[in-house]
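Counting in the numbering used here, the final residue of the sequence shown is number 209, and the numbers go up one at a time with none missing.
Just so you know, even glycine gets a beta-carbon here, dropped at the ideal spot from N, CA and C.
Fair warning: this is a prediction, and the values are worked out from it, not measured in the lab.
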Amino acid sequence: MQDFIDQAIKNGVTVSDMGPCQFCGGDYQKGIFDCMDNYNNGLVLIDFNNPKNHLSRPEPLKRGNITTKDLTNSTTVDECIELIKKWADEVYNAWRLSHPLVIQIADGFINKILNKKTYDRN
88 MQDFIDQAIK
98 NGVTVSDMGP
108 CQFCGGDYQK
118 GIFDCMDNYN
128 NGLVLIDFNN
138 PKNHLSRPEP
148 LKRGNITTKD
158 LTNSTTVDEC
168 IELIKKWADE
178 VYNAWRLSHP
188 LVIQIADGFI
198 NKILNKKTYD
208 RN
């Protein structure tokens with residue numbers, strides 16, 4: 088099974104082992120490595136039987152009508168771009184039941200960043 092280091096290498100990303108996490112901005116000493124340790128330790132505390140604590144995928148065949156295979160039907164770059172935008176809209180809408188949870192998570196990160204910036208100014 089691939090870990091985050093393998094995935095980063097595959098995507099040409101150099102992971103940092105010093106300073107804050109390069110992905111979430113978390114205030115760590117050993118970059119993504121501390122961040123991942125913290126993440127994995129947190130997983131132990133989560134009750135995954137509670138649906139509020141995880142994202143469930145939309146059911147198969149309810150994830151939008153456009154698939155990546157439909158891209159082969161496009162004949163121009165502009166047509167392909169439009170099809171990708173429509174596909175993205177369908178995927179976004181298929182996950183709409185999870186939007187409140189994602190907003191809550193994103194707000195937590197945004198507030199943490201804004202509070203840190205405010206704190207750093209004082």
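Identify the continuous alpha helix (DSSP H) that holds Gly-118 and give its terminal residues. Here residue 118 corresponds to residue number 31 of the sequence shown, with the count starting at 1. That run of the alpha helix (DSSP H) goes 118-132.
Spatially closest choice to Tyr-126 from Ile-200, Cys-111, Asn-152, by CA coordinates: Within the sequence shown, the letter at position 39 stands for residue 126. Scanning Ile-200, Cys-111, Asn-152 for the CA closest to the CA of Tyr-126 turns up Cys-111.
Buried or exposed by the 16-neighbour rule on C-beta atoms within 10 Å, applied to Ile-190: Residue mapping note: residue 190 aligns to position 103 of the sequence shown, counting from 1. Per the 10 Å Cβ criterion, exposed.
Roughly how many whole angstroms lie between the Cα atoms of Leu-148 and Val-178? As a first step, residue 148 is located in the sequence shown; it is residue number 61 there, counting from the start. As a first step, residue 178 is located in the sequence shown; it is residue number 91 there, counting from the start. Those two C-alpha atoms are separated by around 11 Å.
Might you give, ordered along the chain, the residues of its own chain that have their beta carbon closer than 7 Å to the beta carbon of Ser-103, omitting 5 neighbours on each side? Position 16 of the sequence shown, counted from the start, is the residue given in the question as residue 103. These residues qualify, in order along the chain: Gln-109, Gly-118, Ile-119.
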